[in-house]
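Number of protein chains: 4
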Amino acid sequence: MDILTNRSKNDFAPLPPMGWNSYDYYDTTVDEAALMRNAAYMAEHLKEYGWEYVVADIQWYAHDPGSQRERFQYIPFGELELDEWGRLLPDPKRFPSSAGGAGFKPLADYVHSLGLKFGIHIMRGIPRIAAHLHLPVAYDNPVTRERLAACPEAGFPPCPERGLNAADVADPASVCGWNPDMYGVGALAEGQVYYDSLLSLYASWGVDFIKCDDICNTNLYPHRPYSARHEVEMLSRAIRHCGRDTVLSLSPGPALIEEAWHYETYANMWRITDDFWDDWRLLKDMFKRCQLWQSHVSRGCYPDCDMLPLGVLGKGFGRERNTNFTWEEQRTMMTLWCLFGSPLMLGAELTKLDKRTLTLLTNSAVLAMRDPRFRPRQLRLTEFEAVWTASDASGEICPDDKNSTLYVALFNLSDEKRRVSVPLAECGVRLSHGALCLRDLWEDTLLQTRELLQAELAPHACAAYRLL
Amino acid sequence: MDILTNRSKNDFAPLPPMGWNSYDYYDTTVDEAALMRNAAYMAEHLKEYGWEYVVADIQWYAHDPGSQRERFQYIPFGELELDEWGRLLPDPKRFPSSAGGAGFKPLADYVHSLGLKFGIHIMRGIPRIAAHLHLPVAYDNPVTRERLAACPEAGFPPCPERGLNAADVADPASVCGWNPDMYGVGALAEGQVYYDSLLSLYASWGVDFIKCDDICNTNLYPHRPYSARHEVEMLSRAIRHCGRDTVLSLSPGPALIEEAWHYETYANMWRITDDFWDDWRLLKDMFKRCQLWQSHVSRGCYPDCDMLPLGVLGKGFGRERNTNFTWEEQRTMMTLWCLFGSPLMLGAELTKLDKRTLTLLTNSAVLAMRDPRFRPRQLRLTEFEAVWTASDASGEICPDDKNSTLYVALFNLSDEKRRVSVPLAECGVRLSHGALCLRDLWEDTLLQTRELLQAELAPHACAAYRLL
Amino acid sequence: MDILTNRSKNDFAPLPPMGWNSYDYYDTTVDEAALMRNAAYMAEHLKEYGWEYVVADIQWYAHDPGSQRERFQYIPFGELELDEWGRLLPDPKRFPSSAGGAGFKPLADYVHSLGLKFGIHIMRGIPRIAAHLHLPVAYDNPVTRERLAACPEAGFPPCPERGLNAADVADPASVCGWNPDMYGVGALAEGQVYYDSLLSLYASWGVDFIKCDDICNTNLYPHRPYSARHEVEMLSRAIRHCGRDTVLSLSPGPALIEEAWHYETYANMWRITDDFWDDWRLLKDMFKRCQLWQSHVSRGCYPDCDMLPLGVLGKGFGRERNTNFTWEEQRTMMTLWCLFGSPLMLGAELTKLDKRTLTLLTNSAVLAMRDPRFRPRQLRLTEFEAVWTASDASGEICPDDKNSTLYVALFNLSDEKRRVSVPLAECGVRLSHGALCLRDLWEDTLLQTRELLQAELAPHACAAYRLL
Amino acid sequence: MDILTNRSKNDFAPLPPMGWNSYDYYDTTVDEAALMRNAAYMAEHLKEYGWEYVVADIQWYAHDPGSQRERFQYIPFGELELDEWGRLLPDPKRFPSSAGGAGFKPLADYVHSLGLKFGIHIMRGIPRIAAHLHLPVAYDNPVTRERLAACPEAGFPPCPERGLNAADVADPASVCGWNPDMYGVGALAEGQVYYDSLLSLYASWGVDFIKCDDICNTNLYPHRPYSARHEVEMLSRAIRHCGRDTVLSLSPGPALIEEAWHYETYANMWRITDDFWDDWRLLKDMFKRCQLWQSHVSRGCYPDCDMLPLGVLGKGFGRERNTNFTWEEQRTMMTLWCLFGSPLMLGAELTKLDKRTLTLLTNSAVLAMRDPRFRPRQLRLTEFEAVWTASDASGEICPDDKNSTLYVALFNLSDEKRRVSVPLAECGVRLSHGALCLRDLWEDTLLQTRELLQAELAPHACAAYRLL
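Residue numbers (our numbering), protein chains in the order written: chain W, 1 to 468; chain L, 1001 to 1468; chain D, 2001 to 2468; chain X, 3001 to 3468.
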């Protein structure tokens, strides 16, 4: 019996994943040098604070991506790098180490050598061109072969005489609304064989993290926005089959709250928003999204607020620029993401990070809030302010209870300076005679108060506290 | 100036088209012999009553259609017959006369030689395989060349150096939910060039009628069910450009009543129902659909109740069988289709028609109701009965007015024998002292009445009258 | 047998009704003097051009309407004038002649004495207060009594011992979203008795026209926007029962195109828009609405573009003002309403009309387009222009055909001066060698042309022509 | 400062409430004797197991409820018992002790004397008749007066000279789709004054629990199903103002998952289903509903599966009958409700409970699962079976960990006998060498196993275990 089935996918990510993703800076144009450069930076400056994933985002398999940017983000019917089994490979022009069938293994090895983890983006499904060319599916890859031997009754389809091919797997009516590369995979055993062949390859490369796109919300079909739910299950099964701990991240959002159970059962993280960028309206809106999902953060299960658009961004989109977020907004974003328990994926060219931004990313006291044992709870949300707490206490907290932790964050969502306050009793603190002592996590100061916690906040600013 | 622009598409079909369509008997498997056999029958037995179109329905371009019927009606990623410009051609195995690039011309010539007209079914869009193979678009076909010469300012795209190809035309996010052959065409000038190349080919073959599918209701996208409206406009324009009178029929239904104006402006007929078959519930339901569309029948503009599933049906679907409609239901169907003004397309193997069914199709008095000058009007519809009139009078009709015509039909929609009646005044007849004289169109008898028109009707039966 | 059942509701309004309505100027505050003043003006200045209805709009039954305008248009739970049978009566303070139970009879008599017709606005349903007070329904009014005698089997409910009362009729779950006065009436025989009692009263007053509100689109319930369809049928039946020709107008819009058949069968006019005011965006939008409904104009059946907000408006709303429409927009509105075949209801204090506006309303050549025999057809609608025709010809028109009429209107919908043109062939004119002669209906000039009809138009302006 | 604001509504119900509700047996007809009889039974037989609430359900204020049952469940415009301030009072005929203005105080005193708690059902809003009669609102009740004195700046409306009355409070466009008694209350300060007057009265009676109806899902308005959200807030505020711990229960369902945060913030329990009855399909369906809400059970916050239709039911509906649930189904229901953490409200005439049913309700081991510290989690749901766990462990459980508890329940949802099993590792148990020991909660036996927990289950049966 396969020992691995005893390992829960929740063990792959006991804390919300932290890392870097190539998209916000490179769009479709990331290459090997960029990934190595950013990985090296992470190892040197960020690793000790918990940052560990290095993720190559969309179209690493495309030839000449970005060459028709004025018309297309993704060139329709463009050339893709494929192996003989219809599986996408890194574009060898951009990833020279992948040549000769090595795939992402050399790059993953490098990342691992730095003590980091390696992730890739994929589109759900199978390349359209593979289906039209009737490319064979790697039916007898080692994993599938082994499983068939161990488990002949597993119900996998007998290999048709002509062999299984991509046309048997692809669903011609399931396409993505914004990327032209793939067909969805039908809900048949043949599809599982294909996904197994995919994960078998990725495991052989050493992939630790997969961000699968067009799957969390298949927005071409608004009347059935979770139409690829069977593909989520197939991916989850293929991860268990492949024998390598692989975090599964689903994109794009917004995820569907009524499918929370499904995401939690099969994936590690799922996007609760469409692409997030450095725009205050999107950040302000995130408070509502976090409100919606606040009860759905648990070990191995993370609603995902999307990448952190910090530092220098946008080169791959045609214009390199600094983030539009003010310093206050950056802190507000970090505070909300951490207290809520979202994964943290940096969207920035790391090597261009300025010192102040670096302090934002290396505040251990703030990052410590990212623990699913602390259950986030929004106490208040208005047009003008928000108040959140997070705690591992199940009832009231006594100030001298050393076994419980309480975080409180105050947010000024208005465009004016504003005093934001909250009675400590509302936060679940049992008041006593003496004053309470709190640590201000950003200012790294101590403060004392009796009944009310309050702060004078600049527009869009926040304050975050831990009860000592 | 192009003389053809003076010819209205409404002139192509001054009466609702009548003909035969291969689908109900042959599904995807129709061949040349079958078309010729049915055409010959039509010329001999039906032509004099107005039947004239012979239409080859879906997938005449597919190799081995129907060979995986237990799994697919349309084989995904199956082989299609294409010319070098990415245009579909008849499967030469089934249509031997089409070999050597002749296309449907020999068959169309044969049909024309019988005094009939020739029609084909197409799926909207461009073959997917043409896009993936980057096949060139027949940019400089004679029609396009001529138009460019006459009208250099027409706004057609300058031929890119590499030439225009199918990948420039296909919209990778626009597919059909039930047939895997095509991509939709984007709303760009390039798309018009492609459609022009298509109609130019069809005109050269001698095609008189095009039934375009997945266009009247693009039901994969229920939130935008008329998502291919620009392709309707492109087809309409291509018909005007090609210089040949070509009736444009849109499928499948249900058409969208809020788009009635668009259908009326660009097409000749549009399906108001999903596929209609020989099932009483569908027939009964058609009374509501005709009610919805009764004001939208006019010269050259016909809401389409779909094929008449009569006689022998179904061989291509795997089981040859007689229609399930009773004799009464067949008359009810003919009466409603004719009075309402729907096109009449026979879905039957004509050579197997029995004599009684033939009488149904050759009742000139009934067929005469099919004239858009007679405006159909439902007076009543209940669970149990329906009453319709059609007339060319704008106000009341005097019994002795020789310039106006009035038809009245009574329908028993219940499952019991039933007396159905209507006051003549309600039909718009100005009552006078004497009795009125009416002709019973099915029984070919005369009857007289004063105020009330009534009939004793068997279950699902009807009676139809013309005021003399 | 009741002779009246032979009279069709379509005979009550063989042309789209023309008249005046108190709403745009008076809101809820119209009174007897105002109605008489406007009626007198109409008789003197407008009657000869076809204007005939004088309509008292909403809440003529309310005490102190408009007295809390800063908070409410319709005062919730305000006092209403009722008779002992729960039927609303004119507020005697505002309508002194109605005192003593006379109701609107004296006022209607006055309007009739001027050769005009009298109309009232009602809300669908029964006064809420009548239901809560269990007021009796006028079960044995003359009309009901007579019908019961003549037709004992008619199925009317035996009068319960305690008598029928408003609580038996009112549907407590059917209310209006914007007016608090009424409950809807349930789909029961009791409801018909109530509506009969209502129409019997109105007929005794001499009412010629009823505008019933909250019925064409019951917008509090967007998921079943025609939830009061049974009340439309009840009203229609009550009109037939009451023995007086009474035009039935349904409000508010937008009417539902999929219910066109129902409106056409039971009513004379129905609003295709929410309240229309003097705002160019609303006027421009009307071209789409008319496009949607163009096939549904016929004798006695009129899609209604709503009142004409001309001249002096708004006093009852708190601020008297001149229409915001430019002169060009006013002509555009008149042209579209007339060519399309909408009813024309003036929303203006007539006694304050200026001379130029008067010429707009008394252009017989323009008003002559309002004949349902001329079928309106939009040829083109873009962001920038529109072209409409109307004709009684069923096919092409020969220029020398004296039996057919053709109207063409060209509209500049852009904000710039613009030349708008249309080929005459597109309008259905068979071209001949000589030039065609047309009359410009607004400029009252003749012009000649060969193939193209064109006009240089100021922003928002139009030109309208009749083929001679 | 008001000391009460420091008390959280979550403290009012630290465990999911347990009790009895009159509806399933009495419909609208419950009376004082019935409530006392059932309370006495509960005190004697059930109290020691945690059952404590005695709730009088709908229309305790109505005269002659149920007297027109063949036509109405709730008689439209029927007579209601009101005080002079428009507040509903118990019908004195059915509740004699309430006479003379005593209200429910005597009955609540009796219930309290038994050591139990007293609850009432209310419809959201204000009696319609109070608005139509302009009854005054109890503006200067003690609570409001005190708060105004303490807090003059609170923003409460200055009492208009004529006094505040029900017509100022009622929203005439907000009604219930199935009960005719009330108008919703508008989102104005006046509404809060009304709700304060209501809760002030209820607190004076000694009410401990309010089930408010037509508020959790205002299903007359499916496009805005939480249209009364402001009334939930007003009720919550009024409870805080009134100074008495009062559990707030919202009805009917289904509650909206996207509003989970709002329910959790303002209420104690909310119905996740429409009315639940003794029908297997509804019970089976509840597994999906619990799946949807499983992350939303916490201290003071309970998704509510509705009453338990056990024992003898239905007399008030016209036919007394035994529950339709089989014994297996009853156990399945109890197991799911308890493990999930739903409130438990008996819908049965308690005095007619048979012994076996009583054992179902007094199994302390099963009832102990009802603790929000045990987080429910569905591991599997198919057409045929379900597996649930509940635990207070945050990660894996070691079998010898004495600080954590794990429950596992296996359900056979099929109509056949079935073996249902689950690997213990999947339940979060860290496997060790020895066997694990579990207690079967229904059979009260111990069992040992190593890796797999399994049970042979009759149709619709279940097994529930606690890890020792």
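Beta carbons: idealized from backbone N, C-alpha and C, even for Gly.
Predicted model, so just to flag it, every value in this text is computed and none were measured.
(1) Could you have a look at D/M2018 and say whether DSSP puts it in helix, strand or coil?
(2) Please go through the segment 2427-2467 of chain D and give each complete beta strand (DSSP E) segment of 3 or more residues, from N-terminal end onward.
(3) Check for me: the beta strand (DSSP E) holding X/V3247 runs from which residue to which?
(4) In three-state terms, what does DSSP make of L/E1385?
(5) Considering only their Cβ atoms, is the gap separating X/A3260 from X/L3339 smaller than 9 Å?
(6) Along the chain, where does the alpha helix (DSSP H) that runs through L/F1340 open and close?
(7) At what residue ranges does the segment 29-102 of chain W contain a whole run of the beta strand (DSSP E), taking only runs of 3 or more?
(8) State the DSSP-derived secondary structure class of L/N1217, mapped to helix, strand or coil.
(9) So does the segment 43-50 of chain W actually touch the segment 92-102 of chain W, counting three or more Cβ pairs closer than 8 Å?
(10) Taking only the alpha-carbon atoms, compute the straight-line gap between D/V2366 and X/Y3074 and give it to the nearest angstrom.
(11) To which residues of the same chain is W/D285 closer than 7 Å at the C-beta, ignoring the five residues directly before and after it?
(12) State the beta-bridge partners of X/K3211 as determined by DSSP.
(13) Hey, X/A3130 and X/V3207: beta-carbon distance below 9 Å or not?
(14) Bridge partners for L/W1205 per DSSP, in chain order?
(15) From the DSSP output, read off the bridge partner residues of L/A1170.
(16) In angstroms with no decimal places, state the Cα-to-Cα distance between X/S3227 and W/Y263.
(17) Bridge partners for D/C2301 per DSSP, in chain order?
(18) Under the assumption that L/V1408 contacts L/C1437 (Cβ atoms under 8 Å), give the Cβ distance between them as a whole number of angstroms.
(19) Taking only beta-carbon atoms, is W/E258 less than 9 Å away from chain X?
(20) Taking the C-alpha atoms as reference points, what is the distance between L/A1034 and L/Y1025?
(21) Alpha carbon to alpha carbon, what distance is there between D/I2397 and D/V2429?
(22) Can you check DSSP and say which residues form a bridge with W/A347?
(23) Looking only at its own chain, which residues have a Cβ that is under 8 Å from the Cβ of X/Q3330, when we skip the five neighbours before and after it?
(24) With 16 as the cutoff for other CB atoms within 10 Å, does L/W1060 come out buried or exposed?
(25) Work out the CA separation of D/L2135 and D/H2063 for me, nearest whole Å.
(26) Distance cutoff 9 Å, beta carbons only. Does W/P17 sit that close to anything in chain X?
(27) Using a Cβ-Cβ distance cut-off of 9 Å, determine whether W/F118 contacts chain L.
(28) What distance in whole Å lies between the Cβ atoms of D/M2269 and D/P2017, which are believed to be in contact at a cut-off of 8 Å?
(29) If the cut-off is 7 Å on Cβ atoms, which residues from the segment 2260-2292 of chain D count as contacting chain L, listed in chain order?
(30) Against chain L, with Cβ distances strictly below 9 Å, would D/A2435 count as a contact?
(31) Run through DSSP, which three-state label would W/F411 get?
(32) Name the chain W residues that come within less than 8 Å of X/H3063, Cβ to Cβ?
(33) Examine chain W for any beta-carbon lying closer than 9 Å to the beta-carbon of X/A3455, and answer yes or no.
Reading off the structure:
(1) Reduced to three states, the DSSP call for D/M2018 is strand.
(2) Runs of beta strand (DSSP E) with 3 or more residues, each lying fully within the segment 2427-2467 of chain D, are found at 2436-2440, 2445-2449, 2452-2457 and 2462-2467, listed in chain order.
(3) Segment V3247 to L3250, the beta strand (DSSP E) holding X/V3247.
(4) L/E1385: strand per DSSP, three-state reduction.
(5) Not a contact, by the Cβ cut-off of 9 Å.
(6) From DSSP, the alpha helix (DSSP H) with L/F1340 extends over W1327 to F1340.
(7) Listed in chain order, the complete beta strand (DSSP E) runs (minimum 3 residues) inside the segment 29-102 of chain W are 53-56.
(8) If DSSP states are grouped into helix, strand and coil, L/N1217 belongs with coil.
(9) In short, these stretches do not touch, since the Cβ pair count stays below three.
(10) Taking the straight line joining both Cα atoms gives about 58 Å.
(11) Excluding five sequence positions before and after W/D285, none of the CB atoms of its chain fall closer than 7 Å to its own CB.
(12) In the DSSP output, where bridge partners are listed per residue, X/K3211 has X/H3121 and X/S3249.
(13) No; because the gap between Cβ atoms is not below 9 Å, this pair is not in contact.
(14) BP columns for L/W1205 are empty, so no partner.
(15) Beta-bridge pairing links L/A1170 to L/V1185.
(16) One Cα belongs to X/S3227, the other to W/Y263, and the distance between them is close to 29 Å.
(17) Checking the DSSP bridge columns, you'll see D/C2301 partnered with D/S2298.
(18) 13 Å between Cβ atoms; not a contact.
(19) In terms of beta-carbon proximity, W/E258 lines the interface with chain X, with at least one pair separated by less than 9 Å.
(20) Rounded to whole angstroms, L/A1034 to L/Y1025 spans 10 Å at the Cα level.
(21) Distance between the alpha carbons of D/V2429 and D/I2397: 5 Å.
(22) One point to set straight first is that residue 347 of chain W is Gly, not Ala, in the sequence displayed. Partner(s): W/P309.
(23) L3310, T3323, T3357 and L3360, listed in sequence order.
(24) Residue environment for L/W1060: buried (at least 16 other C-beta atoms within 10 angstroms of its C-beta).
(25) Going from the Cα of D/H2063 to the Cα of D/L2135 covers about 19 Å.
(26) So, not an interface residue.
(27) Output row for W/F118: interface = no.
(28) At roughly 7 Å, the Cβ-Cβ gap stays under 8 Å, so D/P2017 and D/M2269 are in contact.
(29) Those residues of the segment 2260-2292 of chain D placed with their C-beta closer than 7 Å to a C-beta in chain L are A2260, W2261, Q2291 and L2292, ordered along the chain.
(30) No, no contact with chain L.
(31) In the structure shown, W/F411 sits in a strand (DSSP, three-state: E or B).
(32) Going along chain W, no residue has its Cβ under 8 Å from X/H3063, so there is no contact; the nearest lies around 43 Å.
(33) Not an interface residue.
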